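In this note's numbering, the protein residues as written are 5 to 243.
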């Protein structure tokens with residue numbers, strides 16, 4: 005992949021030798037890794053991929069002017085003000101749960117991109133202050149509005165590279181865990197489908213649960229075909 009370097013000799017990377025994947029990684033390394041989605045994308049890396057494809061570099065409120073300058077240096081785009089449509093660059097913020105009002109619904113836990121909220125169903129939740137990115141993604145899902153976003157500093161600047169790297173690692177670990185959980189759920193569903201197929205082959209009657217009731221409205225041949233197709237899709241999706 006051949007890239008145009010920024011004017012004025014500001015870029016010290018070897019643009020001509022950089023692959024598309026390397027370029028995306030370089031862009032992602034400049035972002036604050038709050039995973040707030042305020043840029044309009046589903047996280048920092050998707051935004052990095054969009055920038056590599058030509059998206060403007062001024063859509064990251066947590067990063068602010070400093071991040072825009074970093075992105076300009078590695079992409080060759082011009083430095084421009086933060087797009088006001090995506091928000092403002094403000095001091096670091098922290099989510100705080102009013103624990104006496106928490107109903108233990110787990111919605112904030114599911115929303116947190118870096119696993120910075122701990123708790124369990126019907127039990128009190130709390131934010132791990134040192135891990136919170138201030139993304140505010142936990143606010144909207146809370147059905148009782150018991151989460152506040154407070155300012156924890158006065159300096160308006162993006163997080164340090166060390167902090168951003170730490171947040172990114174937590175985000176990636178969470179994504180990996182969710183992928184494993186989804187794979188395990190798929191395996192459980194596949195086993196159930198295979199069991200139903202075996203029951204059909206043995207001529208046994210399926211249990212009349214909510215799923216089976218729907219299935220029994222179809223002929224055994226139709227059900228067998230659907231199950232075999234699902235098994236084939238699952239096998240095809242394996243790496």
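Beta carbons are placed, not taken as given, at the ideal position from N, Cα and C, and that holds for glycine.
From a predicted model like this one, the values you see are computed outputs, not experimental measurements.
The beta carbon of residue 142 sits closer than 7 Å to the beta carbons of 99, 112, 115, 116, 121, 151 from its chain, once the five residues preceding and following it are set aside; these are given in chain order. Inclusion of residue 138 and residue 153 in the CB contact set at 8 Å is warranted, their separation being smaller than that value. Going by beta carbons, residue 63 and residue 43 fall inside the 8 Å limit.
Here residue 181 is actually not in contact with residue 118; their C-beta atoms are around 12 Å apart, not less than 8 Å. Scanning its chain for C-beta atoms nearer than 7 Å, with the 5 sequence neighbours on each side dropped, one finds around residue 67 the residues 35, 36, 162, in chain order.
DSSP, read as helix, strand or coil, puts residue 99 in strand.
Residue 110 carries a coil assignment under DSSP once its states are collapsed to helix, strand and coil. For residue 31, the uninterrupted alpha helix (DSSP H) run begins and ends at 24-34, by DSSP. Apart from the 5 residues on each side of it in sequence, residue 49 sits with its Cβ closer than 6 Å to the Cβ of 32 in its chain, given in chain order.
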